[in-house]
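Reading through the structure tokens given below for one structure.
Chains as they are written, first to last, in my numbering: chain W, 4 to 484; chain B, 18 to 100.
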């Protein structure tokens, strides 16, 4: 019963998937996300958060601070390792260090935004909330099991965690505006999707273009695929232009803003506006639908521009653009390859296989999700389109969450580095904790999706955690005595 | 002779810092040795929490960001004056 697929069909499917993703999700969702991540990296001074992670900080400060560091500071993996080592060896100790290590990939702002945009905000929220609870939980567990060892303690080490720097209020406003830009473009509420005015451009031929595109790029709505519309084609062209001008204008932005930087940023703004507006082609003309999204995006863009020009130095703006561009360079090419591969693989994997293993919210299903996460190593963010593919093939949302939580945590490379810092035994314990808790998260979320009440789920969660803590507390008491 | 160390695991920011450090020291005509420290154990010895970090003659002058060329210039001048 082997189906042979022609090479051409597979390539077509890959390209079609890529085109659809570019046209639909990347722009209004991922592009603002890159800027948000860039702003966070460039404009949030690390000291404003790390000063809460010193050795003598009380637990109710150091654990939330570790979680905050994970979400706010560590968007790049090269930041995670030194911070983790620093907190472990010279700061608050193994507990908060593990919380940071766990929460950083889980709360990766790019991944969260992309998950929300591509699969659904419910999954993004679940991932964030459950990662937070379990991140702090796993940190505490590790601290209980591996009771305090003598951490290197001296004035120089303490100085690492001193510091009084706060984040500028204008930085905060900028990030808030970028989030507003993101939400205006992606939130599906009436205020934004309603059309307030319609302008008709006398451009002929758009409808035939759209029809031929829909035929050219095959898609199956039942599997959650989307086609490419005329608007989508315009956006892809704009994206290509942005890529080209941004390379010239942002690669060396540290030397200052040049003509190409301005051109590429203007193109970005235009692309946002084109993506937000509604377009309906028909014979003889193109209807431009001015909707709430367009107005929201336009207002946000104007405010951002005004803020940057008045409240930020050129150095700060360049720093912001450089960090954003770094993320684009690092992630975008891999994402394109990943999405293409997803399009190809989706033709090969039969839905029956997925449904049989992970179609229901069972323990086995969730453990399988975790196993997928461990063994299928994908570069950052690619796990999101992979997850969407699984969803389309019939995986239940519970095991899907288990997969999404386990995948970024447990890459071989990060495990090796972690082992180099805290040793193999602790790393093995950590990996086991992550696997168990990811499966548990998936189970709980799956229960909620299937209709269980929040109270029931919270009860199970609390009971499980209570049992765990009591058990470990007993163990640690016995160790000391 | 000035010993300049760049602490970092090799991501774009660390490379950028190295370029800046080399350029400034060349412009100043300094006899400088630029070393890239990539091993985490070594990096930890310098008590920095975030990379990239710049160390001039074993003194940590900046960590967690890419300083401006003018700042690097000032630090190098100070280091030369101390000798």
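Idealized CB from N, CA, C, for every residue including glycine.
query	result
Exposed unless 16 or more other CB atoms sit within 10 angstroms - verdict on residue 296(W)	buried
Residue 90(B): first and last residue of the uninterrupted alpha helix (DSSP H) it sits in	86 to 99
Residues bridged to residue 76(B) (per DSSP)	73(B)
Three-way DSSP call (helix, strand, coil) for residue 49(W) in this model	coil
Sufficient close CB pairs (3 or more, under 8 Å) joining the stretch 276 to 288 of chain W to the stretch 46 to 53 of chain B	no
Limits of the alpha helix (DSSP H) - the one that residue 209(W) falls within	209 to 219
Pair within 8 Å by beta-carbon distance, residue 338(W) and residue 403(W)	no
The beta strand (DSSP E) enclosing residue 199(W), as first and last residue numbers	198 to 204
Spatial neighbours of residue 100(W) in its chain, beta-carbon cut-off 6 Å, leaving aside the 5 residues before and after	87, 90 and 91
Whole-angstrom distance between residue 335(W) and residue 38(B), CA atom to CA atom	29 Å
Strand pairing of residue 288(W), partner residues [DSSP]	285(W)
The stretch 258 to 272 of chain W touching the stretch 312 to 323 of chain W, judged by at least three CB pairs closer than 8 Å	yes
Nearest-angstrom Cα separation, counted from residue 67(B) out to residue 84(B)	14 Å
Candidates 36(W), 50(W) and 97(W), of which the one nearest residue 433(W) by Cα	97(W)
Span separating the alpha-carbon of residue 442(W) from that of residue 105(W)	15 Å
Terminal residues of the alpha helix (DSSP H) in which residue 34(B) lies	29 to 44
Other residues of its chain near residue 145(W): CB distance less than 8 Å, five sequence neighbours each side excluded	97, 98, 101, 429, 432, 433 and 436
Ranges of the alpha helix (DSSP H) found wholly within the stretch 57 to 90 of chain W, counting only runs of at least 4	62 to 75
For residue 48(W), the nearest candidate out of 25(B), 64(B), 79(B) and 73(B) (CA to CA)	79(B)
With 16 other Cβ atoms within 10 Å as the buried cut-off, status of residue 18(B)	exposed
Status (buried if at least 16 other CB within 10 Å, exposed otherwise) for residue 353(W)	exposed
Cβ neighbours of residue 27(B) in the same chain (closer than 7 Å, five flanking residues each side left out)	55
Cutoff 7 Å; reference residue 175(W); Cβ partners in own chain excluding five residues on either side	none
CA-to-CA distance, residue 60(B) to residue 92(B), given in whole angstroms	20 Å
Spatial neighbours of residue 149(W) in its chain, beta-carbon cut-off 7 Å, leaving aside the 5 residues before and after	97 and 429
Limits of the alpha helix (DSSP H) - the one that residue 47(B) falls within	Element bounds for residue 47(B): n/a, residue is neither H nor E.
Cutoff 8 Å; reference residue 66(W); Cβ partners in own chain excluding five residues on either side	98, 99, 102, 139, 142 and 143
Coil, strand or helix - residue 347(W) by DSSP	helix
Nearest residue (CA-CA) to residue 31(W), options 116(W), 74(W) and 52(W)	116(W)
Beta strand (DSSP E) segment containing residue 22(B), residue limits	19 to 24
Which listed residue (207(W), 396(W) and 340(W)) has its alpha carbon closest to that of residue 361(W)	396(W)
When 204(W), 237(W), 59(W) and 265(W) are compared against residue 164(W), the one with the closest alpha-carbon	59(W)
Under 9 Å from the C-beta of residue 3(W): neighbouring residues of chain B	Residue 3(W) is absent from the structure shown; chain W starts at 4 and stops at 484.
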